[in-house]
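Working notes, beginning with the structure itself.
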Amino acid sequence: MLQAQPDYKGRIKRIHENIYQVFYVPATGYFTETNVKSKNDNPFSYLWPLCGLIQATNEMEQLEPSKKYMEPVVKAINQYYNPNPPAPGYQAMIFKAKPDTRYIDDNQWIGIAYMDAYARTKNKKYLTLAEEIYRFMLTGYDQASGGGLYWRENDKTTKNTCSNGPGIILALQLYQATKQQQYLKLAQDLYTWTNKYLLAPEGVYYDAVKLPSLKIDSATYTYNTGTMLESNVMLYTITKNKRYLQEAQRIAQAAEKYFYKKNKLPDHYWFNAVFLRGYLALYKVDKNKKQLQFIIDDAERIWQQERNEQDLLGKKQEKTLIDQAGMLEIYARLARLK
């Protein structure tokens, strides 16, 4: 007998309501980092939780195309826009508060969500914004260590999987939308570089290469493996080269074995949302639904075990916007799963 799908739509509605009741400041249009107001040194969150929320609201619009769930998040993100040279980009804090560091990966996550929105709506606004983010991303590229993107501007000490994996995805999305070869070429360069330095023997991905020593930071996070899984699927879809599909299937199996211990994934919900993106991309191509089951089971465990009486999600008493955004994306993606 087929198991009934959990009430994902009910959960999505509840999490989204909570985000606006607990983390949103209507007077400013800002979102806050946590639900503990004394802890909010700033009256706004860092940019990173909004990188999760913009993707989650795109997934909600996939389910309800007539709604404008992305709009207030786009407005909030615009407040982080820093027009300064060498290229405009979004910084970690509200720009009018003070100029702050611009992280390559924060910008890429927003660009990826905007390209997903463009693919869905064909609204040129999203393509233009993503092209601008791509130009900012290129300011983080050089030939130290033979290529690869730095993690953040003005820091030449670390090139990370979290800035190269999403860099591949954004470049490939732009290639699919425009067919401009420069995007495919950069994606393939970043792919080769990331695999050269950051692929671990276990088949997952390390966190970063430190420069100039080329020492590897061997921390492993689900999202880094997720972006490289998705990159392989996208490269297979574009080039039809079977080796990318085989690599994607290998990563998917290796990552389940490596990360899924004692019937649970590591704790960071948003990392696991990015991880799920890779598995769903693979499922679209190879239709092996069994490969998704462990992530579906983990998402169910979290709803049953890591939710307070207000339906705020997270293991700690203090709840965070990034955790709500991560689970919102996961349930919105699973709700569309056929």
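Under full-length UniProt numbering, think of the first position of the sequence shown as 1, with each following residue one higher.
By construction, the Cβ of each residue, glycine as well, lies at the ideal position given by its N, Cα and C atoms.
8 Å CB neighbourhood of residue i in its chain, flanking five on each side removed
| i | result |
| --- | --- |
| methionine 1 | Any reading at methionine 1 is ruled out, since the residue's pLDDT is 39, under 50, leaving its predicted position unreliable. |
| glutamate 247 | Asn232 |
| proline 43 | Val25, Thr28, Tyr30, Thr32 |
| lysine 82 | The question names lysine, but residue 82 is asparagine in the sequence shown. For asparagine 82, where only same-chain residues beyond five positions count, the Cβ hits under 8 Å are Pro88, Gly89, Tyr90, Gln91, Phe95, Pro99, Asp100, Arg102. |
| alanine 97 | Asn42, Phe44 |
Cβ separation of residue i and residue j, assumed to be a contact under 8 Å, to the nearest whole Å
| i | j | result |
| --- | --- | --- |
| isoleucine 112 | isoleucine 169 | 6 Å |
| aspartate 189 | glycine 147 | 6 Å |
| alanine 130 | tyrosine 141 | With a Cβ gap of about 17 Å, alanine 130 and tyrosine 141 do not count as contacting. |
| leucine 328 | histidine 16 | 6 Å |
| isoleucine 19 | isoleucine 110 | No, isoleucine 19 and isoleucine 110 are not in contact; Cβ-Cβ is about 17 Å, not under 8 Å. |
| glutamine 62 | arginine 336 | 6 Å |
| tyrosine 191 | tyrosine 183 | 12 Å between Cβ atoms; not a contact. |
| tryptophan 270 | isoleucine 322 | 5 Å |
Boundaries of the beta strand (DSSP E) in which residue i is found, first to last residue
| i | result |
| --- | --- |
| lysine 13 | Where lysine 13 is concerned, there is no enclosing beta strand (DSSP E), although the alpha helix (DSSP H) it sits in stretches over 8-22. |
| serine 145 | It is not in any beta strand (DSSP E) - serine 145 carries neither H nor E in the DSSP assignment. |
| valine 204 | First-last for valine 204: undefined, no H or E at that position. |
| asparagine 160 | 158-160 |
| alanine 299 | Not the beta strand (DSSP E): alanine 299 falls in the alpha helix (DSSP H), residues 293-305. |
| threonine 220 | 216-220 |
Distance CB(residue i)-CB(residue j) smaller than 8 Å
| i | j | result |
| --- | --- | --- |
| leucine 273 | glycine 10 | For clarity, residue 273 is alanine in the given sequence; the question names leucine instead. Not in contact: alanine 273 and glycine 10 (Cβ atoms no closer than 8 Å). |
| alanine 87 | arginine 152 | no |
| lysine 315 | threonine 34 | no |
| leucine 211 | lysine 156 | yes |
| tyrosine 205 | leucine 199 | yes |
| glycine 226 | arginine 277 | yes |
| tyrosine 150 | threonine 158 | yes |
| tyrosine 69 | tyrosine 80 | no |
| serine 145 | glutamine 108 | no |
| alanine 325 | alanine 56 | yes |
| glutamine 317 | aspartate 286 | no |
| glycine 165 | methionine 137 | no |
Own chain residues within Cβ distance below 7 Å of residue i, not counting five before or after
| i | result |
| --- | --- |
| lysine 264 | Asp298, Arg301 |
| alanine 76 | Gly29, Tyr30, Phe31, Leu50 |
| arginine 333 | Glu59, Leu276, Leu280 |
| alanine 252 | Leu229, Tyr279, Leu282, Gln291 |
| leucine 186 | Ala171 |
| tyrosine 46 | Glu33, Ala92, Met93 |
| glutamate 132 | Pro88 |
| lysine 284 | none |
| proline 72 | Gly29 |
| tryptophan 48 | Asp106, Ile322 |
Same chain, Cβ closer than 6 Å to residue i, five either side skipped, listed in chain order
| i | result |
| --- | --- |
| tyrosine 244 | Asn232, Leu235, Tyr236 |
| threonine 101 | Ala92, Arg152 |
| tryptophan 193 | Gly147, Gly148 |
| alanine 117 | Asn58, Tyr126 |
| tyrosine 331 | Tyr8, Arg11, Ile12 |
| valine 36 | Glu318 |
| glutamine 173 | Met115 |
| alanine 208 | Thr158, Asn160, Asp217 |
| serine 66 | none |
Residue i: first and last residue of the uninterrupted alpha helix (DSSP H) it sits in
| i | result |
| --- | --- |
| alanine 113 | 104-121 |
| leucine 186 | 181-198 |
| proline 72 | 71-78 |
| alanine 27 | That residue, alanine 27, is in no alpha helix (DSSP H); it is neither H nor E in DSSP. |
| alanine 151 | First, the amino acid is wrong: residue 151 is tryptophan here, not alanine. Neither: tryptophan 151 is in no alpha helix (DSSP H) and is coded neither H nor E. |
| tyrosine 284 | Rather than tyrosine, the amino acid found at residue 284 in this sequence is lysine. 269-286 is the span of the alpha helix (DSSP H), which, as asked, contains lysine 284. |
| asparagine 308 | Run containing asparagine 308: none; DSSP gives neither H nor E here. |
| leucine 211 | Taken as a continuous stretch (DSSP letters only), leucine 211 belongs to no alpha helix (DSSP H), as it is neither H nor E. |
| glutamate 329 | 321-335 |
| tyrosine 134 | 124-138 |
| tyrosine 244 | 242-259 |
| glutamine 55 | 47-63 |
Stretch-stretch touch, CB-based, cutoff 8 Å, three pairs: the region 26-39 with the region 297-305: no
Three CB pairs or more closer than 8 Å across the region 255-275 and the region 220-234: yes
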